[in-house]
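To start, the structure itself, in structure tokens.
Residue numbers (the UniProt record's numbering): 1 to 203.
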């Protein structure tokens with residue numbers, strides 16, 4: 001079993017936020033807290049160090065007490081560049097990657113990734129129907145290969161995963177946990193729906 005001191009956590013918050021009108025999505029509020037803090041909550045206490053991948057507003061992210069890292073190359077080149085930055089910085093054998101825009105992730109997402117990795121070098125969350133490639137556990141010794149992959153002009157996350165021994169990690173116990181909030185309207189609908197559910201009298 002992989003121990004806590006063998007894990008570094010990475011919150012991916014370095015996107016361009018185009019469908020959010022260019023806003024820094026990770027800092028947008030959701031249920032009274034910045035959106036990225038919901039991913040942060042799943043990592044704190046479960047890994048040896050938390051990193052926040054952010055390409056702007058580093059001071060705002062740093063207020064939450066963790067190291068903020070930017071992409072190694074500019075230009076909002078996608079999640080793989082953020083993952084490479086995390087792999088390069090981490091001093092542990094494993095990197096747990098979570099996106100900033102998926103606030104309903106299972107509380108035990110780290111434990112399940114660790115338990116499900118087996119002999120693979122990359123474990124990817126699977127909800128029973130589809131994979132969620134930005135929720136993953138990755139062997140940090142793959143940094144050199146990812147650097148070469150990106151240098152070749154590739155940017156597709158799943159294509160890089162398929163270069164290595166990877167596996168699905170079962171997360172079907174938490175239906176609906178992997179909804180990601182790509183635009184303001186979706187975020188508001190989810191907040192309203194959850195507020196309505198909480199307001200209903202218990203049966």
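Note that the Cβ used here is the ideal one computed from N, Cα and C, for glycine as well. No experiment lies behind these values; they were computed from the predicted model shown.
Quick one: what's got a C-beta closer than 8 Å to residue 48's C-beta in the same chain, skipping five residues either side?
Numbered from 1 along the chain shown, position 48 holds the residue referred to as residue 48. Excluding five sequence positions before and after residue 48, the CB atoms of its chain that fall closer than 8 Å to its own CB belong to 4, 5, 6, 7, 8, 92, given in chain order.
From residue 145 to residue 173, what does the alpha carbon distance come to, in whole angstroms?
Counting from one through the chain shown, the residue named residue 145 turns up at place 145. Counting from one through the chain shown, the residue named residue 173 turns up at place 173. Distance between the alpha carbons of residue 145 and residue 173: 33 Å.
Measure the C-alpha to C-alpha separation of residue 125 and residue 161 and round it to an integer number of angstroms.
For the purposes of this step, residue 125 is taken as residue 125 along the chain shown, with counting starting at 1. For the purposes of this step, residue 161 is taken as residue 161 along the chain shown, with counting starting at 1. Between residue 125 and residue 161, the C-alpha separation is close to 13 Å.
Span of the alpha helix (DSSP H), counted from its first residue to its last, around residue 111:
Taking the chain shown and counting its residues from 1, the one referred to as residue 111 is at position 111. Taken as a continuous stretch (DSSP letters only), the alpha helix (DSSP H) holding residue 111 covers 109–116.
Could you tell me which residues DSSP pairs with residue 94 in its beta bridges?
Working through the chain shown from its first residue, we reach residue 94 at position 94. Within the DSSP secondary-structure output, residue 94 pairs in a beta bridge with 7, 139.
Pull up the distance between the alpha-carbon of residue 33 and that of residue 81, whole angstroms please.
Indexing the chain shown from 1 puts residue 33 at position 33. Indexing the chain shown from 1 puts residue 81 at position 81. Rounded to whole angstroms, residue 33 and residue 81 show a C-alpha spacing of 26 Å.
Where do the ends of the beta strand (DSSP E) carrying residue 47 lie?
One-based indexing of the chain shown puts residue 47 at position 47. Per DSSP, residue 47 belongs to no beta strand (DSSP E) and is neither H nor E.
At least one CB of chain C closer than 9 Å to the CB of residue 126: is that the case?
As a matter of chain content, chain C is missing from the structure shown, which is built from one protein chain.
Paired residues, beta bridge with residue 167 - DSSP:
Counting from one through the chain shown, the residue named residue 167 turns up at place 167. Residue pairing of residue 167 in beta bridges, as defined by DSSP: 123.
Taking the beta carbon of residue 1 as the centre, do at least 16 other beta carbons fall within 10 Å, making it buried, or is it exposed?
As a working note, residue 1 is residue 1 in the chain shown. Classification for residue 1: exposed.
Please report the straight-line C-alpha distance between residue 182 and residue 170, rounded to a whole angstrom.
Against the chain shown, residue 182 aligns to sequence position 182. Against the chain shown, residue 170 aligns to sequence position 170. Between the alpha carbons of residue 182 and residue 170 lies a gap of roughly 24 Å.
Tell me, please, whether the segment 84–100 touches the segment 50–64 by the rule of three or more beta-carbon pairs shorter than 8 Å.
Touching, per the Cβ criterion.
Closest Cα partner of residue 30 within the set 197, 189, 178, 198
Numbered from its first residue, the chain shown carries residue 30 at position 30. Comparing alpha-carbon positions, the option among 197, 189, 178, 198 lying closest to residue 30 turns out to be 189.
Using a Cβ-Cβ cut-off of 8 Å (strictly less than) and excluding sequence neighbours within five positions of residue 178, which residues of its own chain qualify?
Taking the chain shown and counting its residues from 1, one reaches residue 178 at position 178. Take residue 178, set aside five residues on each side of it, and the residues of its chain with a beta-carbon closer than 8 Å to its own are 102, 104, 105, 125, 127, 132, 135, 171, in chain order.
Beta-bridge pairing of residue 12 - partner residues as DSSP gives them:
Reading the chain shown from its first residue, position 12 is the one you call residue 12. DSSP lists 53, 99 as partners of residue 12.
From the DSSP secondary-structure annotation, give me the bridge partner or partners of residue 132.
Here the question's residue 132 lines up with position 132 in the chain shown. Paired residues: 125.
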